[in-house]
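Colleague: In this note's numbering, the protein residues as written are 2 to 197.
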């Protein structure tokens, strides 16, 4: 008696499809499933999805995801500070570049300085997550200069001005903001290079 090849395939294909579905639906622990083929034959399938190799791969993926999340959070904080420093610099450059120069008691000049002061206070209130350890270790000098552990130190890099600040103090503050923006840009570049 010979086996009919067409009838055998009719029985195997549904079993293969059932196995494929069972594998994708199996939980982490071992799962047993009985599958009934087209001919009424019952096939028991035992799947073991968890293994040391799979656990290691899962661990590596989890570490990469945590690393990427930390980089995104740090980059977001750097971007927020950078956006605020751009606004601060715009306010001060309006004072410095105005012709004829503002008088010291000008209401517009005072408004620009008050806006600068409120933006600086925003930076003081921001929170900064630390960069991931590998990124920090690659350039400790840069991250020490930015010092994300204390937002007060970031704000201290930006001079405090008041309504009566002179034009020379405003010019110095513009220079300091340039330095802070360069450091923030370097920090974002470091983060970008860590993932490429």
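The beta-carbon is built from N, C-alpha and C at its ideal position, and this holds for glycine as well.
If you compare alpha carbons, which of 134, 193 and 118 is closest to residue 163?
Modeller: As a first step, residue 163 is located in the chain shown; it is residue number 162 there, counting from the start. Out of 134, 193 and 118, 118 has the C-alpha closest to the C-alpha of residue 163.
Colleague: Counting beta carbon pairs with one atom in the region 182 to 194 and one in the region 122 to 131, are three or more of them shorter than 8 Å?
Modeller: Contact between the region 122 to 131 and the region 182 to 194 is absent, because fewer than three Cβ pairs lie under 8 Å.
Colleague: On the CB-based measure, 16 or more other CB atoms within 10 Å of its CB, does residue 79 come out buried or exposed?
Modeller: By one-based count along the chain shown, residue 79 stands at place 78. Buried: at least 16 other Cβ atoms inside 10 Å.
Colleague: Please tell me whether residue 75 and residue 132 are closer than 7 Å, where the distance is taken between their beta carbons.
Modeller: The sequence position of residue 75 within the chain shown is 74, counting from 1. The sequence position of residue 132 within the chain shown is 131, counting from 1. Taking 7 Å as the Cβ cut-off, residue 75 and residue 132 qualify as a contacting pair.
Colleague: CA-CA distance, residue 174 and residue 166?
Modeller: Taking the chain shown and counting its residues from 1, the one referred to as residue 174 is at position 173. Taking the chain shown and counting its residues from 1, the one referred to as residue 166 is at position 165. Near 10 Å, if we compare the C-alpha coordinates of residue 166 and residue 174.
Colleague: Only counting the same chain, and skipping five residues up and downstream in sequence, which positions put a Cβ closer than 8 Å to that of residue 177?
Modeller: The residue given as residue 177 occupies position 176 in the chain shown. Contacts found: 158, 159 and 160.
Colleague: Tell me where the alpha helix (DSSP H) around residue 178 begins and ends.
Modeller: Start at 1 with the first residue of the chain shown, and residue 178 comes out as number 177. Element bounds for residue 178: 168 to 196.
Colleague: Check this for me: beta carbons of residue 180 and residue 136, under 7 Å apart or not?
Modeller: Translated into the one-based positions of the chain shown, residue 180 becomes position 179. Translated into the one-based positions of the chain shown, residue 136 becomes position 135. For residue 180 and residue 136, no; Cβs fall outside 7 Å.
Colleague: Three or more C-beta pairs under 8 Å: does that hold for the region 106 to 115 against the region 88 to 98?
Modeller: Contact holds: three or more Cβ-Cβ distances are below 8 Å.
Colleague: Given this structure, state the Cα-to-Cα distance separating residue 105 from residue 89, to the nearest angstrom.
Modeller: Stepping through the chain shown from its first residue, residue 105 is reached at position 104. Stepping through the chain shown from its first residue, residue 89 is reached at position 88. Computed Cα separation, rounded: 19 Å.
Colleague: Identify whether residue 119 lies in helix, strand or coil by the three-state DSSP scheme.
Modeller: Walking along the chain shown from the start, residue 119 turns up at place 118. Reduced to three states, the DSSP call for residue 119 is helix.
Colleague: Is the beta carbon of residue 85 sitting closer than 7 Å to the one on residue 120?
Modeller: As a working mapping, residue 85 is identified with position 84 in the chain shown. As a working mapping, residue 120 is identified with position 119 in the chain shown. Yes, the Cβ-Cβ distance between residue 85 and residue 120 is below 7 Å.
Colleague: Taking the alpha-carbon of residue 128 as reference, which of 172, 193, 67 and 77 has the nearest alpha-carbon?
Modeller: Taking the first residue of the chain shown as 1, we reach residue 128 at position 127. Selected option, being the one with the closest Cα: 77.
Colleague: Using the Cβ count rule (16 or more neighbours within 10 Å means buried), how would you classify residue 13?
Modeller: The residue given as residue 13 occupies position 12 in the chain shown. Bear in mind that a pLDDT of 46 at residue 13, under 50, signals an unreliable position, so the number given afterwards is only what the model happens to contain. Exposed, by the Cβ-count rule.
Colleague: Apart from the five residues on each side of it in sequence, which residues of its chain come closer than 7 Å, Cβ to Cβ, to residue 172?
Modeller: Residue 172 sits at position 171 when you count from the first residue of the chain shown. The residues are 97.
Colleague: Quick check on the DSSP output: the alpha helix (DSSP H) that includes residue 160 runs from which residue to which?
Modeller: In the chain shown, counting from the first residue as 1, residue 160 sits at position 159. Element bounds for residue 160: n/a, residue is neither H nor E.
Colleague: Just confirm the distance between the C-beta atoms of residue 102 and residue 168, as a whole number of angstroms; I'd bet it's less than 8 Å.
Modeller: The residue you call residue 102 lines up with position 101 of the chain shown. The residue you call residue 168 lines up with position 167 of the chain shown. With 8 Å as the limit, residue 102 and residue 168 qualify as a contact, their Cβ atoms being about 7 Å apart.
Colleague: Measure how close the beta-carbons of residue 72 and residue 155 come, nearest whole angstrom, since I'm counting them as under 8 Å.
Modeller: In the chain shown, residue 72 corresponds to position 71, counting from 1. In the chain shown, residue 155 corresponds to position 154, counting from 1. In fact, because the Cβ distance is near 19 Å, the residues do not count as touching under 8 Å.
Colleague: Is DSSP giving residue 101 helix, strand or coil here?
Modeller: In the chain shown, the residue the question calls residue 101 occupies position 100. Of the three classes helix, strand and coil, the one that applies to residue 101 here is coil, per DSSP.
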